[in-house]
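Notes for the one structure printed next.
Protein chains in written order, with our numbering: chain D, 1 to 107; chain L, 108 to 379.
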């Protein structure tokens, strides 16, 4: 479903951080830099399960609505605004959790 | 006098109850058996999955190890099952060609309890060793009961293919030898094919499980099927002790927020 040969950088605002099973999701509103007046596009970013994310430093409150984030994703192949998380940089400019290293791949 | 009589009655009632051996306590024989069993307490995970990234990505090294292990396990099918395998492979390749963006849901579901042996999947595991049974519990939903009370497998007429099959075991020193039958008639090796490979009703698994040191449990795993395979499949896998977490939390609550559903037989993603 995800094209793991490509990476897209999303710079936007967290709408919702879903700390849920089977996987956590970040809903992020991404404005079009070429058209700031247009309505931002909502992207869905898939991560792992809460228990696995906790082991890597994430907490249920790691992100909150309104947080400014920079998220690198492998985009969906079908062109929908969705992706698999590669790395998340939080509002303080620090990377959260355990980003994917170059050459790594999800099954 | 009445008060003294009542006190004696209370002593008899409660005092004796305090000192008498309760039926619920472990028998001396059970305690002695328990004491001879190895201590596999703690939490464990497959060594090749350690260090998965937030998006469930495996490292390059882990991918290489997984591929090598799968290649070493490549089944050698009998002509009858080679034909079945080729038929499935061709139909899946055709389905992928028809819609490469949404792969056909012909393999292990993305969410849900993994099938036997459930030791190949990411997640954390517990091994609960008791004299009568060793129970394997995983955070991704699998529970296996390995009966070590001397029983046999049930008679054929009481068996049918189930996710975990029927497992009985016995101890050879500190090694738990497990014999499993009546699983679903298929095996899955994602790194090889990405789909279930057909097996017969003779499918039979033997595991030899042993803690090789304080931080490692090794599973020697053999798959036999004289109808589907020309020779057994064999591998050895290692689980390492989890040291960065102290609780088993479930991961496979698929109803809570499953956003990779199967629609019309294909995997999809719901973006919001």
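By construction, the Cβ of each residue, glycine as well, lies at the ideal position given by its N, Cα and C atoms.
For residue 366(L), the chain D residues whose C-beta falls within less than 8 angstroms of its own C-beta are 23, 25, 44 and 46, listed in chain order. Legend: CB atoms of the stretch 150-167 of chain L lying less than 8 angstroms from CB atoms of chain D belong to residues 158, 159, 160, 161, 162, 163, 164, 165, 166 and 167.
When the Cα atoms are used, residue 71(D) and residue 327(L) turn out to be separated by approximately 41 angstroms. Residues of chain D whose Cβ lies closer than 9 angstroms to the Cβ of residue 303(L) do not exist; the shortest such Cβ separation is about 15 angstroms. For residue 54(D), the secondary structure class from DSSP, reduced to helix, strand or coil, is helix.
Taking each of 182(L), 374(L), 229(L) and 197(L) in turn and checking the Cα distance to residue 357(L), the smallest one comes out for 229(L). Boundaries of the beta strand (DSSP E) around residue 152(L): 151-153. Looking at the DSSP output, residue 294(L) shares a beta bridge with 304(L). Straight through space, the alpha carbons of residue 25(D) and residue 73(D) are spaced by roughly 12 angstroms. Contact annotation: residue 290(L) and residue 272(L) have beta-carbon atoms nearer than 8 angstroms. For residue 15(D), the enclosing beta strand (DSSP E) stretches over residues 8-18.
For residue 101(D), there is no enclosing alpha helix (DSSP H), as DSSP marks it with neither H nor E. Under DSSP, the beta-bridge partners assigned to residue 328(L) are 314(L) and 342(L). Taking 8 angstroms as the cut-off, the Cβ atoms of residue 303(L) and residue 330(L) do not count as close. Listed along chain D, no residue sits closer than 9 angstroms to residue 200(L) by beta-carbon distance, the nearest being about 17 angstroms off. Assignment of residue 138(L) by DSSP, reduced to helix, strand and coil, places it in the helix class. Ranking 246(L), 276(L) and 268(L) by CA distance to the CA of residue 252(L) puts 276(L) first. Under the three-state reduction of DSSP, residue 35(D) is assigned to strand. Distance from the Cα of residue 245(L) is smallest, within the candidate group 346(L), 209(L) and 168(L), for 346(L).
Neighbourhood of residue 170(L) in chain D, by CB distance below 7 angstroms: 105, in chain order.
Taking 8 angstroms as the cut-off, the beta carbon of residue 13(D) is found closer than this to the beta carbon of residue 66(D). Residue 321(L) is classed as exposed because its beta carbon has fewer than 16 other beta carbons within 10 Å across all chains shown.
The shortest C-alpha to C-alpha distance from residue 188(L) to any of 305(L), 162(L) and 218(L) is the one to 305(L).
Per the coordinates, the alpha-carbon of residue 248(L) lies some 21 angstroms from the alpha-carbon of residue 158(L). Here residue 365(L) has 218 as same chain residues with Cβ atoms under 7 angstroms from its own Cβ, once five neighbours each way along the sequence are excluded. Beta-carbon to beta-carbon, residue 185(L) and residue 335(L) are separated by about 6 angstroms, close enough to satisfy the 8 angstroms threshold.
Residue contact with chain L for residue 59(D): absent (no Cβ-Cβ distance below 8 angstroms to any residue of chain L). Interface with chain D (8 angstroms Cβ-Cβ cutoff): residue 227(L) is excluded. For the C-beta of residue 358(L), the chain D residues within less than 8 angstroms are, from N- to C-terminus, 21, 22, 49, 50, 51 and 52.
Per DSSP, the beta bridge partners of residue 25(D) are 18(D) and 46(D).
Under the three-state reduction of DSSP, residue 264(L) is assigned to helix. Membership of residue 286(L) in the beta strand (DSSP E) is indicated by the continuous run 282-288.
Between residue 7(D) and residue 69(D), the beta carbon gap of about 16 angstroms keeps them out of contact (Cβ cut-off 8 angstroms).
From the beta-carbon of residue 81(D), the residues of chain L found nearer than 9 angstroms are 378 and 379. Neighbours of residue 209(L) in chain D, taken as residues at a C-beta separation under 9 angstroms, are given in chain order as 1, 77 and 78.
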